[in-house]
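Heads up: the sequence shown is residues 1 to 269, going by the UniProt record's numbering. Yeah, the Cβ is synthetic: ideal placement off N, Cα and C, and Gly gets one too. Everything below concerns the one structure shown next.
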Amino acid sequence: MSFVTTEGHPYLEIARIVRRPGRDSLDLNDILVVCPDHHRLMDSRFSEFSAKSLRTLKAKHEIGLIKTRPLSAVESEFTKLFKRPLSFWESNKDCDNEDIWQTFLEENPHVLATLLPGDYLQFGRKVLVGGKDDRDQNGGKADFAYVPSTYHRLTIVEIKTPKAALLGSKYRNQCHRPSAELGGSIVQSLHYIRLAQSEFEHLSRKRDPRPKLTSINAVLIIGNRETLDNDCKENSFELIRSGLNNVQIITFDEVFAKIGGLLRAGGGK
């Protein structure tokens with residue numbers, strides 16, 4: 001995972017001291033937070049940076065932190081990191097402006113990072129995923145795109161609003177159909193996946209290191225589960241999103257419920 005500036009430039013990266021194949025969960029004892037230049041140096045001169053030496057460097061740094069900063073200060077920073085998004089959510093549940101939500105998530109990259117397994121890097125915002133015509137116009141632009149540090153997957157993230165309807169009217173008095181906005185957003189996400197699949201080679205040729213793509217998926221953040229006020233609606237929504245292979249639907253309240261869980265796990269309230 002990488003923390004980036006508003007211009008999209010990484011300034012901190014999370015690195016693993018020891019990579020364990022097949023495990024997406026992070027062991028805090030194997031985590032380093034370093035600047036991109038030091039990350040590349042460690043990777044290019046791995047013989048000089050053994051796991052033992054990296055753990056020693058990390059321990060010395062943590063000892064220095066304890067000496068210079070009280071633990072309460074570290075705890076308060078962690079709390080602020082997650083409390084601010086929760087406060088924003090509580091004040092803006094009824095905000096129906098996509099630009100505001102996209103800006104909020106751009107300025108709080110850790111919120112989106114909690115939705116992705118492993119160590120993902122932000123590939124950019126308003127990412128062109130293909131489809132330009134011969135006049136270099138009309139290309140498809142995803143809200144965000146992420147790749148893991150192994151560069152083998154691409155995740156397209158589409159942001160709507162909490163006010164977007166999830167369901168439409170009942171169909172034959174048995175279940176609810178998806179709303180026009182949800183249905184359109186699903187198709188849009190699938191369209192971006194198809195564009196990226198067909199044009200990823202062109203998009204990635206100037207990247208260093210060059211991504212080696214094996215799969216593309218999309219995360220669609222839309223709506224609020226509070227609108228699903230009966231079992232029929234709940235079941236219909238779950239049937240819709242469980243039936244999708246490459247698009248994961250997450251509601252806004254689910255995003256911030258996860259943030260709240262992390263805050264409680266970290267000792268916040």
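In this structure, DSSP gives Asp253 a helical state, which the three-state scheme calls helix. Under the three-state reduction of DSSP output, Gly168 falls in the strand class. For Pro178, the enclosing beta strand (DSSP E) covers residues 175-178.
Residue state for Ser87 is assigned as helix, using DSSP reduced to three classes. For Gln248, the pairing in a beta bridge is given by DSSP as Val219. In this structure, the alpha-carbon of His152 lies about 44 Å from that of Asn173. Fewer than three pairs of CB atoms, one per stretch, sit closer than 8 Å, so the stretch 174-185 makes no contact with the stretch 106-114. Comparing alpha carbon positions, the residue from Leu263, Leu262, Asp253, Arg264 closest to Ser91 is Asp253. Across the set Arg264, Ser198, Lys170, the C-alpha of Lys170 shows the shortest separation from the C-alpha of Asp231. Ser198 places its beta carbon 7 Å or farther from that of Ile222. Judged by DSSP secondary structure, Thr114 falls outside any alpha helix (DSSP H); it is assigned neither H nor E.
Counted as a single uninterrupted DSSP element, the beta strand (DSSP E) harbouring Glu158 occupies residues 153-159. About 30 Å separates the beta carbon of Ala265 from that of Asn246, a gap too long to meet the 8 Å contact definition. Under the three-state reduction of DSSP output, Asp99 falls in the helix class. Boundaries of the alpha helix (DSSP H) harbouring Leu239: 231-242, taken from the DSSP string. Each residue's CA atom was taken as its position, placing Asp143 and Leu115 some 15 Å apart. Taking C-beta separations shorter than 8 Å and ignoring five residues to either side along the sequence, the partners of Ile100 in its chain run Asn92, following chain order. Here Lys141 carries a strand assignment [DSSP, helix/strand/coil].
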